[in-house]
Structures are given as C-alpha cells and as structure tokens.
Amino acid sequence: MYRTHNCGELRMEHAEQQVNLAGWVQRTREFGGMTFVDLRDRYGITQLVFNQETDKELCDRAGKLGREFVIQAKGKVMERSNKNPNLPTGDVELIVSELNILNASKTPPFTVEDDTDGGEDVRMKYRFLDLRRPQVQQNIMLRHRIAQEVRKYLDSQGFLEIETPYLIRSTPEGARDFVVPSRMNPGQFYALPQSPQTFKQLLMVAGYDRYFQIVRCFRDEDLRADRQPEFTQIDCEMTFVEQEDILNTFENMMRHIMKYVHNIEIDKVPRMTYADAMRLYGSDKPDIRFGMTFVELNDVAQNQGFKVFDDAELVVGICAEGCASYTRKQLDGLTDFVKRPQIGAKGLVYVKCNEDGTFKSSVDKFFNQEQLKTWADKMGAKAGDLLLVISGVKEKARKQLNELRLEIGNQLGLRKKDDYKFLWVLDFPLLEWAEEDERWVARHHPFTSPKAEDFDKMDTDPGEVRANAYDMVLNGTEIGGGSVRIHDRGLQERVFELLGMPEEESVEKFGFLMGAFEYGAPPHAGLAFGFDRLCSLLGGADAIRDFIAFPKNNSGRDVMIDAPSKIDAIQYEELCIKSVVPEKEEV
RNA sequence: GGCUCAUUGGUGUAGGGGCAACACGUCCGACUGUCUAUUGGAUGCCAAGGGUUCGAUUCCCUUAUGAGCCGCCA
19 MYRTHNCGEL RMEHAEQQVN LAGWVQRTRE FGGMTFVDLR DRYGITQLVF
69 NQETDKELCD RAGKLGREFV IQAKGKVMER SNKNPNLPTG DVELIVSELN
119 ILNASKTPPF TVEDDTDGGE DVRMKYRFLD LRRPQVQQNI MLRHRIAQEV
169 RKYLDSQGFL EIETPYLIRS TPEGARDFVV PSRMNPGQFY ALPQSPQTFK
219 QLLMVAGYDR YFQIVRCFRD EDLRADRQPE FTQIDCEMTF VEQEDILNTF
269 ENMMRHIMKY VHNIEIDKVP RMTYADAMRL YGSDKPDIRF GMTFVELNDV
319 AQNQGFKVFD DAELVVGICA EGCASYTRKQ LDGLTDFVKR PQIGAKGLVY
369 VKCNEDGTFK SSVDKFFNQE QLKTWADKMG AKAGDLLLVI SGVKEKARKQ
419 LNELRLEIGN QLGLRKKDDY KFLWVLDFPL LEWAEEDERW VARHHPFTSP
469 KAEDFDKMDT DPGEVRANAY DMVLNGTEIG GGSVRIHDRG LQERVFELLG
519 MPEEESVEKF GFLMGAFEYG APPHAGLAFG FDRLCSLLGG ADAIRDFIAF
569 PKNNSGRDVM IDAPSKIDAI QYEELCIKSV VPEKEEV
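Numbering (this note's numbering), first residue to last: 19 to 605.
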C-alpha cells in the first residue's frame with residue numbers, strides 16, 4: 019500500500035499515528051534547518067515537516083524536491099505548534115521519517131494551484147496538469163456527482179440505461195454530420211449521431227418503455243464557449259405517457275439533482291407558453307431570476323407624431339427599477355450596446371421617471387409629460403425608474419430588447435449564479451420558415467407531434483401550428499428539450515409532406531423508423547438534457563469546457579494530442595477516399 | 001462565410017520608433033515554524049514573413065495561432 023490515508027483526511031484525532039501519504043509536491047518551503055512540503059492529491063493538502071536536527075540527510079533531500087514530484091512519505095502525525103486555519107488539515111502535520119521519490123517531474127509550465135499563473139492556451143496544451151488543479155477537479159467531480167444522481171433517480175423510476183450505436187447513417191435534417199468512411203463498404207460512410215433520436219424511438223417500439231442514456235452526441239457546426247463538437251446528453255424516452263407525465267418526471271429529476279448535489283429544494287417549476295415567453299421576454303429561454311418583463315406600448319406611443327414609433331410594427335419597453343439616476347454616459351452606453359451590429363437596433367428611447375414626478379426622455383420633442391406618464395403608468399413604473407423602449411419589426415425588436423434586458427440584469431446584479439430558477443417553455447411552433455431553402459423545416463425534429471387542436475391549420479397556416487414540444491430553461495439557458503412524438507404513420511407522412519419531403523425521400527431517409535411504426539408503435543415522448551451545460555450552470559461557470567476533462571478548442575482541435583491530424587496515404591487507399599484540399603492548405 | 005480582440009521571458013501582464021518594466025516560476029546562496037515564508041543574486045529581444053524608416057519589439061500589410069461573437073447549431 020502506497021498510502022494509508024489521503025492528503026485531505028488527517029485531523030487532530032490522527033495525532034501520534036504512524037501513517038503513509040502519497041501525492042504530488044505542491045511547493046516546498048525551506049526555512050534554515052527546516053523544510054516544509056505541501057503534499058497534494060485530489061482530496062486536499064497535507065504539510066510534511068523535515069527537521070535538520072532530526073535527520074539532516076532526509077531534510078536536504080526534501081529541500082531538493084521540485085514542484086509536481088510524486089512522492090511517498092511515511093511518518094508520524096503531530097499536532098502543529100502553528101496551526102493553519104485555512105487548511106482542513108491545518109491542525110496537524112506529518113513528521114516524516116521516510117521519503118520516497120516515486121517519480122521526479124519536469125518543472126511544469128504553470129503553477130498547479132487554483133490561482134494558477136497559466137493562461138488558457140498553455141493549460142489546454144498541458145490539460146493533464148490543468149486537471150490536477152483543485153478547482154478543475156471540483157468541476158470534474160461535480161460532473162460525476164450529477165451523473166450519478168441522474169442514474170440513481172432514473173433507475174428508481176424504472177428507466178433502463180441502454181446504449182445505442184455511434185456508427186449510424188447520415189440523416190438530412192438538423193446539424194452537419196461527422197462522417198466516417200467505411201473500409202468494408204467502399205464509397206459509403208457512417209455518420210456519428212447528432213443524438214440517439216431515432217434509436218430511442220425504436221426502443222419504444224421495442225417495448226423498453228423507459229429508456230435513458232448519458233450519451234455522447236456529435237455535431238459538425240461552428241463552436242462557441244458553450245458548444246463542443248462532441249457533447250453529452252442525458253437522453254430519455256418514455257412510452258404510454260403524455261406531455262404532463264414527461265414534465266413531472268423530469269422536473270422531479272432536476273429536483274433530485276438540486277437536492278442531492280447542491281442541497282437546494284426547488285419549487286414547482288413554472289410553465290410558460292412559447293408565445294408568452296416571446297411576448298414578455300423576447301426569448302424562448304427567458305431568464306426569470308428577475309422581472310423587468312416587456313410592456314407593449316403601441317396604443318400609448320403611436321400616432322402622436324413620432325415617426326419612428328408610428329412606422330414600427332411594435333413599440334415595446336422595459337422598466338429598469340431605480341435606474342433613473344443613470345448618467346448620460348451610461349444611457350449612451352446602453353444605446354451603443356443595442357446598436358452593436360450583433361444586436362442591430364436602430365436606437366433606444368429612454369424615459370427617466372424623476373423623483374419629483376416629472377419625466378425626462380430622449381423624445382421630449384415628440385411627447386409631453388402627460389403622454390410620458392401614460393407610458394410609465396402602463397409599465398407600472400414609479401419615481402426613480404428608467405423606461406427603455408425599442409421599436410421596429412416585432413420579432414427583431416423583441417430580440418433586441420431581450421438582449422438589453424439581460425444586459426441591464428447583469429449590470430444590476432440580478433443574475434446571481436447561485437440563484438437557480440427553472441422554467442418549462444411549452445407549445446413551441448411545429449415549423450420554422452427557412453429563408454435560405456424557402457421551405458418549412460421542423461423546429462424541433464420531424465417526429466414532433468403537432469397539437470391536435472392545430473391540425474386544421476397544417477394546410478392553411480403551417481407557421482401557426484403548435485407542437486407538443488417543451489424546453490426546460492435554467493437561468494436563461496436552455497438545458498433540455500423534447501416532444502411528444504408522432505406514432506401514427508399517416509400523421510408522420512403528413513408532416514413530411516409539410517416539410518416538402520417527398521415520400522420516396524422520407525422512406526429513403528427514415529424508412530427504418532417509418533417501417534417500425536407500422537408494427538405497433540406505442541404513444542411515446544421524450545426529451546434530452548445538455549449534460550455539459552447543466553454541469554456548467556450548476557458549477558457556476560459559463561464555459562462547458564471547464565466541465566469536460568478533455569475539451570476541444572474554438573476550431574475543434576484538441577491541442578493536447580493535436581487532433582485532427584493527417585492520415586497515411588495507405589489509409590486513404592484502404593478507405594477508397596481522396597483528399598482534395600487545395601495545395602496551399604496542405605502545408 | 002463574416003466581425004472584434006489578442007500574440008512580449010518558463011508563466012501572467014506593462015510598455016512603447018533608438019535603453020523592454022513588474023510579478024510569479026526556475027537556478028545558486030542565507031535563514032529552525034513556515035504555509036502567497038522572508039531575503040541576496042542570476043535568468044527574456046518582443047508569433048512568422050514582407051513593407052515604411054537612418055533605425056521597428058513598437059507603425060502598415062499578409063499569414064498563422066488563440067479567445068469571443070454573428071451566421072450556423074432540428
């Protein structure tokens with residue numbers, strides 16, 4: 019046995035005991051005839067002490083230990099004369115009698131501690147060192163905990179964890195596929211799954227009425243801080259259930275996770291329709307940690323001579339409580355914020371509700387005090403508040419005001435990371451108009467069932483058809499979503515028709531599923547959670563990278579193992595493929 | 001596909017048309033109670049290529065790499 023205890027466990031009660039510890043040298047402190055060594059493993063740090071008076075040779079060897087050396091130390095646990103209240107093990111130290119260097123280490127390029135001096139780049143290149151840092155280990159451990167609680171909960175509810183294949187066939191809808199050439203089938207390719215969608219539905223047809231999987235998914239799209247080319251989903255599907263059952267089951271899953279991971283009890287998760295979310299927050303994933311909901315001002319702000327408003331489809335505002343004291347500079351800052359090309363607003367109208375009951379606005383030329391008061395009343399503003407108003411085409415204006423609302427929320431500190439507010443968003447539209455292809459595409463996926471009461475709109479007004487689809491939102495981030503699936507072949511064919519997919523094509527692409535649906539497909543529904551994202555939210559971070567042991571960078575590269583890489587000519591030959599990368603890019 | 005920013009020692013930053021500053025780390029030395037120990041000393045030529053200039057790390061262009069965003073991500 020290399021160790022009898024770990025580096026985070028020794029306390030006063032262990033005093034006088036003979037123990038063995040093993041770990042990494044965090045740092046050494048030489049102090050004349052004494053040497054202190056901080057020994058670290060993932061459980062904590064314990065101080066080792068060497069004294070020249072006791073054993074000069076041993077003390078000298080300890081002084082020569084470099085950072086990140088792997089050592090084993092045997093000795094006696096003693097109460098410290100100078101205790102360190104900052105360390106859980108700070109009451110004791112190990113008086114070392116035997117020191118074994120298990121492995122020396124090159125000097126690491128950055129310090130392996132929470133407050134590291136290393137930048138993002140070096141840390142990613144030496145990810146194995148970065149992963150030694152306590153903070154990163156906390157993240158990885160949190161991920162483990164959440165995964166275990168998910169399994170515990172779903173198992174308790176009768177869910178079966180079933181694996182599905184990674185080498186599948188390419189499907190037309192959705193994101194770009196990663197493809198894998200098949201050596202045994204020249205000229206043909208597997209695709210890596212964007213999600214196990216069709217397989218889980220087949221499992222439902224097969225009678226495994228409660229399925230889940232914590233599973234890797236692959237999408238070949240451009241990346242962001244919260245997007246990786248391979249990411250993990252908690253993928254679930256249930257048979258003989260309605261939307262309500264799904265909502266309850268998975269709301270309870272989140273309740274379970276919050277309770278056992280963070281010891282937080284969450285209330286009944288509120289629900290909001292997609293239409294309301296758009297109207298009140300301008301977003302399909304509203305952050306309901308704070309109010310500041312949209313108020314539409316068309317009736318009080320239009321037709322009073324201000325052309326910008328009169329020409330707009332929508333005039334909509336928010337009331338920022340207590341912000342009437344914003345300076346000219348701050349207001350200009352907000353205006354610049356919404357005018358940034360990413361947001362694209364033409365401008366921003368503000369109204370300060372002064373303490374004396376008067377109003378000061380950027381449109382005083384066009385509106386008198388009385389008129390401004392009707393705005394303030396409509397928005398429930400009181401003295402000291404600031405009204406911010408945007409106008410334009412409905413959808414765009416809402417999107418812009420949403421960005422502004424979130425920005426103000428940030429500025430006012432209303433978006434606390436440890437304040438967890440869950441929300442179900444329901445009744446998403448079934449379809450979305452794809453400008454580029456000039457056709458309707460499934461907003462969720464093509465197996466999503468339309469709401470029965472909207473069936474008659476499918477031919478007349480496809481854009482208005484709502485789906486039995488739902489998203490779970492946490493603090494303004496979509497953490498999961500799903501739908502009640504179509505289990506009727508006739509309805510499925512009708513949806514494919516709406517999507518402009520001819521029968522031959524749908525049979526070619528989804529024939530296996532359609533075929534299966536002819537052999538007794540039960541009603542079923544499901545959803546999937548973005549596991550990495552959930553971990554990052556519960557860990558209080560923005561980047562999911564911090565919660566993935568070996569993430570990829572912005573351009574999909576693993577800088578540690580330097581992937582992707584070229585392959586040998588022989589591999590091309592075997593796979594019957596040819597690279598047509600232009601010369602200059604071949605390097 | 002587009003936009004923005006960045007690239008200075010082992011690491012993180014500062015600087016600025018002629019001398020590269022600070023901190024951490026590392027190495028050598030002092031010190032018997034430290035725990036961001038303290039203390040004395042040592043340690044870099046500014047991503048690459050091209051241009052402007054008497055002179056470039058600094059200004060300009062290109063490329064590469066990285067970060068963030070828009071498009072994209074059912």
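Each residue gets a CB set at the ideal place from its N, CA and C atoms; glycine is no exception.
Extent of the continuous alpha helix (DSSP H) to which residue i belongs
i: Ser-554; result: 549-556
i: Pro-520; result: Run containing Pro-520: none; DSSP gives neither H nor E here.
i: Thr-257; result: Where Thr-257 is concerned, there is no enclosing alpha helix (DSSP H), although the beta strand (DSSP E) it sits in stretches over 248-257.
i: Cys-77; result: 74-81
i: Thr-267; result: 261-280
i: Pro-9; result: Since the first residue shown for the chain is 19 and the last is 605, residue 9 is missing from the structure and cannot be characterised.
i: Gln-212; result: Segment: none, Gln-212 is in no alpha helix (DSSP H) and carries neither H nor E.
i: Met-30; result: Run containing Met-30: none; DSSP gives neither H nor E here.
Inter-residue spacing [alpha-carbon to alpha-carbon] between residue i and residue j
i: Glu-116; j: Val-55; result: 14 Å
i: His-617; j: Ala-561; result: For residue 617 there is no data in the structure shown, the boundaries of the chain being 19 and 605.
i: Phe-465; j: Leu-241; result: 26 Å
i: Gly-538; j: Lys-412; result: 44 Å
i: Ser-554; j: Ile-497; result: 10 Å
i: His-23; j: Pro-152; result: 18 Å
i: Asp-350; j: Leu-432; result: 21 Å
i: Glu-603; j: Asn-572; result: With a pLDDT of 40 at Glu-603, under the threshold of 50, the modelled position of this residue cannot be trusted; read the value that follows with caution. Their Cα atoms are separated by approximately 19 Å.
i: Ala-33; j: Pro-127; result: 37 Å
i: Met-30; j: Lys-101; result: 11 Å
i: Phe-268; j: Ile-275; result: 10 Å
i: Leu-352; j: Pro-359; result: 14 Å
i: Ile-588; j: Arg-457; result: 43 Å
i: Gln-36; j: Gly-136; result: 37 Å
i: His-463; j: Tyr-368; result: 41 Å
i: Pro-103; j: Ala-581; result: 45 Å
i: Glu-138; j: Val-577; result: 11 Å
i: Glu-191; j: His-162; result: 32 Å
i: Cys-371; j: Ala-363; result: 23 Å
i: Asp-395; j: Ile-158; result: 50 Å
i: Val-130; j: Arg-85; result: 9 Å
i: Asp-586; j: Ile-595; result: 12 Å
i: Ser-635; j: Gly-548; result: Beyond the ends of the chain as shown, which are 19 and 605, falls residue 635; an answer cannot be given.
i: Leu-366; j: Met-310; result: 16 Å
Where the beta strand (DSSP E) containing residue i begins and where it ends
i: Phe-230; result: 228-236
i: Lys-92; result: 88-97
i: Asn-121; result: 110-121
i: Asn-69; result: 62-69
i: Ile-336; result: 332-338
i: Asp-56; result: 52-59
Cβ-Cβ separation, residue j to residue i (assumed contact under 8 Å), whole Å
i: Ile-566; j: Gln-246; result: 7 Å
i: Thr-53; j: Ala-80; result: 4 Å
i: Leu-105; j: Thr-46; result: The Cβ separation is near 16 Å, so there is no contact.
i: Leu-298; j: Asn-316; result: Leu-298 to Asn-316, Cβ: 15 Å. No contact.
i: Leu-516; j: Met-476; result: 6 Å
i: Gln-322; j: Gln-389; result: 6 Å
i: Gly-410; j: Ala-330; result: 5 Å
C-beta contact flag for residue i and residue j at 8 Å
i: Leu-120; j: Val-88; result: yes
i: Gly-481; j: Leu-545; result: no
i: Ala-485; j: Leu-448; result: yes
i: Leu-66; j: Leu-57; result: yes
i: Leu-178; j: Met-271; result: no
i: Ala-295; j: Asp-302; result: yes
i: Ile-232; j: Ile-252; result: yes
i: Ser-446; j: Arg-461; result: Contrary to the premise, residue 446 reads as Phe rather than Ser in this sequence. Yes, the pair counts as a contact, with Cβ atoms nearer than the cut-off.
i: Val-279; j: Phe-312; result: no
i: Gly-26; j: Gly-62; result: yes
i: Glu-248; j: Phe-236; result: yes
i: Val-491; j: Tyr-292; result: no
i: Gln-418; j: Ile-426; result: no
i: Arg-289; j: Asn-493; result: no
i: Arg-234; j: Tyr-208; result: no
Between the stretch 378-389 and the stretch 319-326, can you find at least three pairs of beta-carbon atoms closer than 8 Å? yes
Q) Per the contact definition of three or more C-beta pairs closer than 8 Å, is the stretch 338-345 in contact with the stretch 396-404? A) yes
Could you check whether the stretch 251-268 touches the stretch 210-224, counting it as contact only if at least three pairs of C-beta atoms, one from each stretch, sit closer than 8 Å?
yes
Subject >> Any 3 or more C-beta pairs closer than 8 Å across the stretch 506-513 and the stretch 177-197 >> reply: no
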